[in-house]
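Structure record follows, encoded as structure tokens.
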């Protein structure tokens, strides 16, 4: 299929090469594990011989190290019970787990055993040596030597490893303390290194080496039994075997070449001989066939009776020859691998569970933001404190309320600061921090019992709706009114005009004019009417006088500095009935009430 | 060249899982943009073979070089809105127009690299190179390409990858409008999905 296409939208999802590499590594590991089984089929004769020689040597060295370790155990009187098997099994497991060759592990264990004289302690120190070696990059041999010396009191070598312990620490600490410190510093290093790619390769190498040793043992047993035993004799025999195979192959090649040259002659001789001895040839061929058939039948019958084993249908390979120890080690390794797989599965399961829990927590947090119980409770508590403040009658109650309010304010400021931090708003964080500091200061003042009345007032003032009653505005308004009154007084003092009187205004009322009341009892109607007319004329004269007085006051106000400042344009219109004082009073009262309700007038009874 | 979009695959999965109706709507919108282009590209496929010797016959039995078949070419011109497998560079193509058939690819792209045909070496030349013409006719390559007609599409900085005779011609004719329409559809759907799945902050709203 062609790939001619117009790609309109694409997304980069990572190169598949990484995945392929991972898969290839897995295949490599799987195939290398079967190395011992496939070597005999894939290698040529010369390669097998060379491999066999190396295998015998590897087996010999391994056997030597194992023997040396066993001897050490015997010398230390530790070769009782299953100690030797335990140590060997432990070495095999370590080798499989960490990717460190047993060629290094056995001498290291040997060394530690001689120093400690204790199998368990040696195993502990060998584990530590592996961790330190993986962490520092030094060899296991070097680290185990250093540990051995440190155990015996010489810590200089350990210091030279660069494990992060100073000379003073090394000299002043006991070995147990040093060991504890190293265990803490290098915990899990060997396991982590084994999980890396290089570690995997090392483990594969170990699998191949073990296969080589196993094959070497098989070869050694087989060849040494021919030569009477001994490594030297075995390797010599392998050399002879190689030479013999090479000679055989070359001779066979030469023979085939010669036969090829003589083929026509041989064919001619064969034809002549067959013709000359036809009856005899036929008889011999028939006999051969009969004997072959008879032999076959005998073989089958013998096999059925169990007398003779039938030949193997599949060739037996050398790798199939393993001793019980190797089998046991392999079983242990298999068991260990299964346990590791089970642990990994458990870890994976736990991770999945943790992921699910994290997601659930995330959802809960979102829900918590919507229903933030802390904030709701604080708001409710503050509201309650405000109500309590209205009912407080004593200083102690106010003190308690102030204390509670201060604490609630601190809590609210903490939540505000947390919100600000989450929002990553720098200004909000700074202001929230300042608010929190102020609240903490107030709280510390109260809890320190050095509270002043002003502090309580400032705290309690926080409960008041400051936006509705602005004290500063009120103070400013009062100051302005005071200034206006003062200006009015000054204007009055500065006014040149005298206060008019009824006489000066010409109201028409004679001076000393007085109308004495008359008695309605027994008086004539005409007298009462005359009195009423006189009283009405007098009232009208007073009303005119009052109007004149008002006009004079208005003129005086307008001529004053205050009147000039206000533009002389003050007009108050009261819509009410004419000549009805009660209606006028009610209308004015209503105007004042409305003004108070609108918030434009304060003070007094309103 | 494809425009890189971050999250296109995730969007597709999210739509399929949480808003199947939006997924269908997106597919419908993309189809409305891309289908006319594929139809137009199909209309550019000549009914008859450009060369008589290339025509598919009843007696044609396989062979390395495919015979001309207009129906097969038209069948192979399609559009896809489902994410592809990642290519060697690690890119997944979310929306694309394809010319799938082998013969369609030949008709589409012949002459892109060598406008005069491959270099002629003749039938007797050795070597295993496939980039040369071994025909008995020294002008076979040139004649083949000239009979197919001109290539259409952008040829910026000598990059021939966006040139062709069918889908690239139809795509070039849209002059970028289809490209914009595709991304507008994706963005609209993304916005709808985000609106639908947005968390409402009840506390703030209150």
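Residue numbers (the working numbering), protein chains in the order written: chain A, 1 to 606; chain B, 607 to 812.
Ideal Cβ placement from N, Cα and C applies to all residues, glycine included.
- Chain-ordered, the chain A residues with CB closer than 8 Å to the CB of residue 714 (chain B) read 4.
- For residue 693 (chain B), there is no enclosing beta strand (DSSP E), as DSSP marks it with neither H nor E.
- Contiguous alpha helix (DSSP H) elements confined to the stretch 524-565 of chain A occur at 525-559, 561-565, taking only those with 4 or more residues.
- Contact residues of the stretch 340-365 of chain A toward chain B are absent (C-beta to C-beta distance below 8 Å).
- When 8 Å is used as the limit between beta carbons, residue 785 (chain B) is near these residues of chain A: 8, in chain order.
- Taking 7 Å as the cut-off between beta carbons, none of the residues of the stretch 375-404 of chain A comes near chain B.
- For the stretch 686-703 of chain B, the set of positions with a beta-carbon nearer than 9 Å to some beta-carbon of chain A reads 686, 689, 690, 691, 692, 693, 694, 695, 696, 697, 698, 699, 700, 701, 702, 703 in chain order.
- Of B:636, B:740, B:798, B:747, the smallest CA-CA separation from residue 717 (chain B) is found for B:747.
- Within 10 angstroms of the beta-carbon of residue 742 (chain B) lie fewer than 16 other beta-carbons, which makes it exposed.
- It is roughly 10 Å from the alpha-carbon of residue 588 (chain A) to the alpha-carbon of residue 594 (chain A).
- Between residue 94 (chain A) and residue 87 (chain A), the C-beta spacing is not below 8 Å.
- Around residue 339 (chain A), the same chain offers no residue with a beta carbon nearer than 6 Å, after the five sequence neighbours per side are excluded.
- Looking at the backbone, the Cα of residue 719 (chain B) and that of residue 753 (chain B) are separated by about 16 Å.
- Within chain B, the residues placing a beta-carbon under 8 Å from that of residue 14 (chain A) are 692, 696, ordered along the chain.
- Contact with chain A is absent for residue 622 (chain B), since none of that chain's Cβ atoms lies less than 8 Å from the residue's Cβ.
- Counting C-beta atoms within 10 angstroms of its own C-beta, residue 145 (chain A) has 16 or more neighbours from the protein chains shown and is therefore classed as buried.
- Residue 89 (chain A) is positioned such that its CB atom lies closer than 8 Å to that of residue 332 (chain A).
- As computed with DSSP, residue 726 (chain B) is found in a beta bridge with B:739.
- Residue 124 (chain A) sits in a helix when the DSSP states are folded into three classes.
- For residue 151 (chain A), the enclosing alpha helix (DSSP H) covers residues 140-151.
- Burial state of residue 132 (chain A) is buried, judged by a 10 Å Cβ sphere holding 16 or more other Cβ atoms.
- As the crow flies, the alpha-carbon of residue 327 (chain A) is around 28 Å from that of residue 128 (chain A).
- Put simply, the CB of residue 61 (chain A) is far from chain B, with every gap to its CB atoms at 8 Å or more.
- In the structure shown, residue 114 (chain A) falls within a helical segment according to DSSP collapsed to helix, strand and coil.
- Only exposed fits residue 652 (chain B), as fewer than 16 other CB atoms lie within 10 angstroms of its CB.
- In terms of beta-carbon proximity, residue 11 (chain A) lines the interface with chain B, with at least one pair separated by less than 8 Å.
- In the DSSP assignment, the residues bridged to residue 704 (chain B) are A:5, B:684.
- At a cut-off of 8 Å between C-beta atoms, residue 611 (chain B) counts as an interface residue with respect to chain A.
- The C-beta of residue 612 (chain B) has fewer than 16 other C-beta atoms within 10 Å across all chains shown, which makes the residue exposed.
- In this model, residue 354 (chain A) and residue 342 (chain A) are separated by some 18 Å (Cα to Cα).
- In the three-state reduction of the DSSP assignment, residue 72 (chain A) falls in the helix class.
- Taking the beta carbon of residue 608 (chain B) as reference, the chain A residues within 7 Å of it are 7, 8, 9, 10, listed in sequence order.
- In the structure shown, residue 657 (chain B) falls within a coil segment according to DSSP collapsed to helix, strand and coil.
- Distance from the CA atom of residue 407 (chain A) to the CA atom of residue 383 (chain A), rounded to whole angstroms, is 14 Å.
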